[in-house]
Amino acid sequence: MKFYPSIKKTNRNIILIAIPRTVVVMFVLFQILGMYVYPGGTILDSSTRGYSFVMNFFSDMGAYAARNGEPNYLSMIIFAISLSMVGCTFSVYYIALPNIFGNDRLNFWLSTLGTFFAIGGSICMIGTGFTPTDLVYDTHILFANNIFHFFLITALAYTIVIYRSGIIKIKYVFGYGLFFISILIYVLILQYGPPANSGQSALIFQVTSQKIIVIIFCGSVLHQTFGFEKIINK
Numbered sequence: 006m007k008f009y010p011s012i013k014k015t016n017r018n019i020i021l022i023a024i025p026r027t028v029v030v031m032f033v034l035f036q037i038l039g040m041y042v043y044p045g046g047t048i049l050d051s052s053t054r055g056y057s058f059v060m061n062f063f064s065d066m067g068a069y070a071a072r073n074g075e076p077n078y079l080s081m082i083i084f085a086i087s088l089s090m091v092g093c094t095f096s097v098y099y100i101a102l103p104n105i106f107g108n109d110r111l112n113f114w115l116s117t118l119g120t121f122f123a124i125g126g127s128i129c130m131i132g133t134g135f136t137p138t139d140l141v142y143d144t145h146i147l148f149a150n151n152i153f154h155f156f157l158i159t160a161l162a163y164t165i166v167i168y169r170s171g172i173i174k175i176k177y178v179f180g181y182g183l184f185f186i187s188i189l190i191y192v193l194i195l196q197y198g199p200p201a202n203s204g205q206s207a208l209i210f211q212v213t214s215q216k217i218i219v220i221i222f223c224g225s226v227l228h229q230t231f232g233f234e235k236i237i238n239k
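If you want my numbering, it's the position in the sequence shown, counting the first as 1, plus 5.
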C-alpha cells in the first residue's frame, strides 16, 4: 500500500536522477571556480595567496572580504548561488523520496521524518550561503553546523527505510549507512574536535574533515541516483 500519491515516471527521472546528478556536478565545478578566484588568507595567516585546500574552509569563499582583507565579491556570489542551488534541489529530492519508499506505515512515518529534517538541512544550506562568516559569524555557524545535525537524522531514517523497503539492492543500504556514520563522525568532530584557530594542525584537521564530509555527501547522492535509475526505468 502506498501512503504517498504517485509521481509520473518521467518526473521521477527528472527529480530523483537527472537534476541531482546535474546539480552535484555543477556544485563541484562552482566550488573549484570559487577556490580559483578566492584572493587569499586563512584563519591563521592573512598573508597567504589564493585558496588552500587544506587550510581554507568552504565558508571562506562565502565571506564578504577574504582573510587577507581583499574584496571577495565573486567568490561570495558563486558560493551563495551554489549552496542555494543544492539546497533547493535537495528539498525537492527528499520530498519525492517517500513516494518511492513509503510503502508501509512505518516507512511512511520514517521517510516523512527523514524528509522533514532534510528540508531543514536544505534551508540551512541556503542560509549558510547568504550569511557571510565575516559579517554575521554566529548566524553563519548556526546554519552551517545544523546542515549536518539535520541530515544526521535524515540519513539514519532513510537507512532504515531503504533497508525495510527492499526496493533497491543492499549495496545502496550500505551506502546510506556509511553516509550516516560519516555524518555522525563529523558532528562529533564539530562538537569535540580541536578549535580551528588553535594551531595549524588543528586547522588542517578541521578543514580536511569538512572537505571529506562534503565529498561523501555529494558521492552519496550520486550513488543513490543509480539505485533509483534501476527501479524507475524497469
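All residues carry an ideal CB built from backbone N, CA and C; glycine is no exception.
- DSSP places Lys174 outside any alpha helix (DSSP H), giving it a letter other than H or E.
- Per DSSP, reduced to three states, the secondary structure at Pro25 is helical.
- At a Cβ-Cβ threshold of 8 Å, Phe35 and Ile86 count as neighbours.
- In this structure, DSSP gives Ala71 a state outside helix and strand, which the three-state scheme calls coil.
- Per DSSP, Tyr98 is one residue of the alpha helix (DSSP H) stretching across 78 to 106.
- Between Pro103 and Ala71, the C-beta gap is not smaller than 8 Å, which leaves the two residues out of contact.
- Under the 10 Å beta carbon count, Ile20 is surrounded by 16 or more other beta carbons and is classified as buried.
- Non-local beta-carbon contacts of Thr213 in its own chain, meaning distances under 6 Å to residues more than five positions away in sequence, involve Val59 in chain order.
- Cβ atoms of Asn150 and Leu195 come within 8 Å of each other, at about 6 Å.
- With a contact defined as Cβ atoms closer than 8 Å, Tyr168 and Val178 qualify at about 5 Å.
- Take Ile172, set aside five residues on each side of it, and the residues of its chain with a beta-carbon closer than 7 Å to its own are Ile105, Phe106, Ile236, in chain order.
- The beta carbon of Phe231 lies closer than 7 Å to none in the same chain, with the five residues before and after it left out.
- The distance from the Cβ of Thr94 to that of Ile24 is about 6 Å, consistent with a contact at the 8 Å cut-off.
- Rounded to the nearest whole angstrom, the C-alpha separation of Gln211 and Thr144 is 19 Å.
- Residue state for Ile217 is assigned as helix, using DSSP reduced to three classes.
- The region 138 to 215 is shown to contain whole alpha helix (DSSP H) runs of 4 or more residues at 142 to 170, 175 to 197, in chain order.
- The distance from the Cβ of Ala123 to that of Thr159 is about 4 Å, consistent with a contact at the 8 Å cut-off.
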